[in-house]
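K.L.:
Quick one: this structure, given as structure tokens, is what I'll be asking you about.
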Amino acid sequence: LTAVFFALNVRFEEDISSILPKDKKIEKLTRVFNNSKFADRLVVTISLKDTSSVGSPDSLVSTAQVFADEVRRHLGEYISRFQDKVDDEKTLQLIDAVSSHLPLYLNEKDYRTIDTLIMPEQIRATLERNIRTLSSPAGLALKTLIARDPVGINTLGLAKMQGLQYDENFELYDNYVVSRDYRHLLLFITPKFPPANTGKNALMLAGLDRIIDSIGSDKVQGTEISYFGAVAVSVGNALQLRKDSFYTQGFTVLFIVVFLGLYFRKKRAPLVILVPVVYGVAFSLAMIFFIQGKISVIALGTGSIVLGIAVNYSLHVFNHYRHNPDMNKVLGDLAMPLTIGSLTTIGGFLCLRFVESEMLRDLGLFAACSLIGASFCSLVFLPQFIGNEKKRFVHKPTWIDKIADYRPEKSKPFVVVI
Numbered sequence: 057l058t059a060v061f062f063a064l065n066v067r068f069e070e071d072i073s074s075i076l077p078k079d080k081k082i083e084k085l086t087r088v089f090n091n092s093k094f095a096d097r098l099v100v101t102i103s104l105k106d107t108s109s110v111g112s113p114d115s116l117v118s119t120a121q122v123f124a125d126e127v128r129r130h131l132g133e134y135i136s137r138f139q140d141k142v143d144d145e146k147t148l149q150l151i152d153a154v155s156s157h158l159p160l161y162l163n164e165k166d167y168r169t170i171d172t173l174i175m176p177e178q179i180r181a182t183l184e185r186n187i188r189t190l191s192s193p194a195g196l197a198l199k200t201l202i203a204r205d206p207v208g209i210n211t212l213g214l215a216k217m218q219g220l221q222y223d224e225n226f227e228l229y230d231n232y233v234v235s236r237d238y239r240h241l242l243l244f245i246t247p248k249f250p251p252a253n254t255g256k257n258a259l260m261l262a263g264l265d266r267i268i269d270s271i272g273s274d275k276v277q278g279t280e281i282s283y284f285g286a287v288a289v290s291v292g293n294a295l296q297l298r299k300d301s302f303y304t305q306g307f308t309v310l311f312i313v314v315f316l317g318l319y320f321r322k323k324r325a326p327l328v329i330l331v332p333v334v335y336g337v338a339f340s341l342a343m344i345f346f347i348q349g350k351i352s353v354i355a356l357g358t359g360s361i362v363l364g365i366a367v368n369y370s371l372h373v374f375n376h377y378r379h380n381p382d383m384n385k386v387l388g389d390l391a392m393p394l395t396i397g398s399l400t401t402i403g404g405f406l407c408l409r410f411v412e413s414e415m416l417r418d419l420g421l422f423a424a425c426s427l428i429g430a431s432f433c434s435l436v437f438l439p440q441f442i443g444n445e446k447k448r449f450v451h452k453p454t455w456i457d458k459i460a461d462y463r464p465e466k467s468k469p470f471v472v473v474i
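With the first letter of the sequence shown counted as 1, position 366 gets the number 422 in my numbering; the numbers rise by one all the way through.
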């Protein structure tokens with residue numbers, strides 16, 4: 057029970073990069089990736105369902121508004137920042153920065169253009185255009201900019217910012233980032249937790265899925281919502297690792313139970329033989345808790361190999377006892393060879409502690425400690441379960457015994473084929 061208590065406190069890591077060898081370049085790349093705010097960002101895409109219809113930015117904006125309201129209402133505790141629109145304040149700050157350092161953005165051609173802009177005829181034309189702009193609804197937003205730069209000199213510096221545009225296929229519509237064909241709209245979510253915290257991020261993505269399903273079925277028709285990003289990949293990998301580990305360990309245990317049941321033809325035999333295996337796993341996780349406090353889920357899933365090795369120890373004890381019901385003699389015959397054999401296997405797994413891959417180091421420690429616990433339990437605790445059986449049973453050879461008794465070296469055709 058003590059081992060189980062500490063085993064339950066082990067922290068399971070689901071970082072798939074743990075399988076990679078650790079050198080300076082990979083560690084630097086992993087550190088940059090884990091601390092990059094842009095890498096953490098989740099990109100949400102709202103698209104029109106009908107690929108043959110004409111782009112409708114208003115439909116995209118309507119869906120984005122509903123989606124943004126739902127996300128802010130239900131997922132605020134998981135999100136650090138939700139960017140649906142381009143902030144006007146940021147735009148003004150950019151214009152101020154360019155205006156304050158305008159000479160840095162200009163070249164000789166721009167200065168010749170300025171000479172043209174300040175000609176009386178051009179100034180008159182520019183001012184007339186400004187009057188028309190101020191008389192329109194756009195004047196409410198542009199009046200400050202026009203007052204600060206009536207002839208449009210700052211536009212020469214702002215034009216240089218277009219060179220920083222990553223993709224020309226996107227533009228702003230009502231302060232939303234949309235594609236030029238008005239078929240896609242982008243939103244950006246920065247999670248509060250890093251990609252490694254798959255538990256919290258899984259809850260966030262589950263909430264996003266519920267919101268997307270509710271919008272698609274009830275509120276807005278004609279659009280669909282999808283998302284992608286490092287967080288989604290990390291959560292997907294974590295869920296797949298958990299599932300794979302569960303299936304791997306489950307199928308291994310099921311196969312062992314069925315095989316032992318067929319071999320010994322006793323209902324109690326598989327459960328008794330699995331006692332050292334369970335003890336070994338609990339002992340191993342307890343030791344890992346004290347040594348490093350965490351283990352890779354990938355290593356735990358790969359540890360199904362250890363189950364097949366650990367069950368051999370209890371199988372030797374149980375099988376010898378089946379042929380010789382004197383437990384003292386059984387332990388006398390098995391103690392030395394089983395201990396020496398387990399030490400060599402344990403030493404082989406401990407050699408994995410010297411490799412560069414964190415996952416393989418975890419596997420080596422988990423396997424070695426599991427085999428230590430399983431061998432100890434097989435020699436100390438297992439005899440207490442087996443030796444107290446009230447009813448002695450007579451061994452009846454099974455088809456497995458016949459296979460084990462087969463001597464291929466006596467078959468000349470078999471030897472010739474080999």
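In this text, a Cβ means the ideal position worked out from N, Cα and C, and glycines have one as well.
Fair warning: this is a prediction, and the values are worked out from it, not measured in the lab.
Exposed or buried, which one is G429 when buried takes at least 16 other CB atoms within 10 Å?
P.N.:
buried
K.L.:
Per the DSSP calculation, A414 is bridged to which residue(s)?
P.N.:
In the sequence under discussion, the amino acid at residue 414 is Glu, which differs from the Ala named in the question. E414 is not bridged to any residue.
K.L.:
Take F470 and list the residues in its own chain whose beta-carbon comes closer than 6 Å to its own, dropping the five residues that flank it on each side.
P.N.:
Excluding sequence neighbours, F470 sits near P464.
K.L.:
Please report how far the alpha carbon of T200 lies from the alpha carbon of A124, in whole angstroms.
P.N.:
30 Å
K.L.:
Going along the chain, which residues of its own chain have a beta-carbon closer than 8 Å to the beta-carbon of V328, five neighbours each way excluded?
P.N.:
S370, F374, L438, F441, I442
K.L.:
Got a sec? Which residues, its chain only, sit under 7 Å from F284 by beta carbon, not counting five neighbours each side?
P.N.:
V99
K.L.:
Quick check on this structure: which residue in V386, F422, F410 has the alpha carbon closest to the alpha carbon of F346?
P.N.:
Looking only at V386, F422, F410, the smallest Cα-Cα distance to F346 is reached by F422.
K.L.:
Report yes if the CB atom of G344 is closer than 9 Å to the CB atom of C407, and no otherwise.
P.N.:
Going by the sequence as given, residue 344 is Ile instead of Gly. Not closer than 9 Å, so no.
K.L.:
I'd like the list of long-range same chain contacts for F68, defined as Cβ closer than 6 Å, with 5 residues on each side in sequence excluded.
P.N.:
V353
K.L.:
Using the Cβ count rule (16 or more neighbours within 10 Å means buried), how would you classify V236?
P.N.:
Residue identity differs from the one stated: residue 236 is Arg in this sequence, not Val. Residue environment analysis places R236 among the exposed positions, since fewer than 16 neighbouring C-beta atoms fall within 10 angstroms of its C-beta.
K.L.:
If you count every other CB in all the chains shown that lies within 10 Å of the CB of M260, and 16 or more means buried, which is it?
P.N.:
buried
K.L.:
By the 10 Å Cβ neighbour count, where 16 or more other Cβ atoms means buried, how is F410 classified, buried or exposed?
P.N.:
Around the beta-carbon of F410, fewer than 16 other beta-carbon atoms lie within 10 Å, marking it exposed.
K.L.:
With DSSP collapsed to three states, give me the class of Q348.
P.N.:
coil
K.L.:
If V110 and Y232 are in contact, beta carbons under 8 Å, what's the gap, nearest whole angstrom?
P.N.:
In fact, because the Cβ distance is near 18 Å, the residues do not count as touching under 8 Å.
K.L.:
What does a CB cutoff of less than 6 Å around I281 pick up in its chain, not counting 5 residues either side in sequence?
P.N.:
I102, I268
K.L.:
Secondary structure at P464, three-state DSSP: helix, strand or coil?
P.N.:
helix
K.L.:
Is I174 buried or exposed, if buried means 16 or more other CB atoms sit within 10 Å of its CB?
P.N.:
exposed
K.L.:
Answer yes or no: do K248 and Y134 have a C-beta to C-beta separation smaller than 9 Å?
P.N.:
yes
K.L.:
Can you list the alpha helix (DSSP H) stretches of 4 or more residues lying completely in the stretch 161-242, in chain order?
P.N.:
If you keep only unbroken alpha helix (DSSP H) runs of at least 4 residues inside the stretch 161-242, you get 164-173, 176-191, 195-204, 210-216.
K.L.:
The beta strand (DSSP E) that contains L98, what's its start and end?
P.N.:
98-104
K.L.:
Measure the alpha-carbon distance for V289 versus G255 and round it to whole angstroms.
P.N.:
13 Å
K.L.:
S156 to I351, Cα distance in whole Å?
P.N.:
54 Å
K.L.:
Tell me, to the nearest whole angstrom, how far the beta carbon of Q363 is from that of T308; I am working on the premise that it is less than 8 Å.
P.N.:
Before going on, a small fix: residue 363 reads as Leu here, not Gln. With a Cβ gap of about 5 Å, L363 and T308 count as contacting.
K.L.:
Label Y303 either buried or exposed according to how many other C-beta atoms from any shown protein chain fall within 10 Å of its C-beta, with 16 as the threshold for buried.
P.N.:
exposed
K.L.:
In chain order, what residues of the same chain have a beta carbon less than 7 Å from the beta carbon of V287, not counting five sequence neighbours either side?
P.N.:
D96, L98, P247, P251, N257
K.L.:
In terms of DSSP beta bridges, what is I245 paired with?
P.N.:
L98, F138
K.L.:
Secondary structure at T107, three-state DSSP: helix, strand or coil?
P.N.:
Three-state result, T107: coil.
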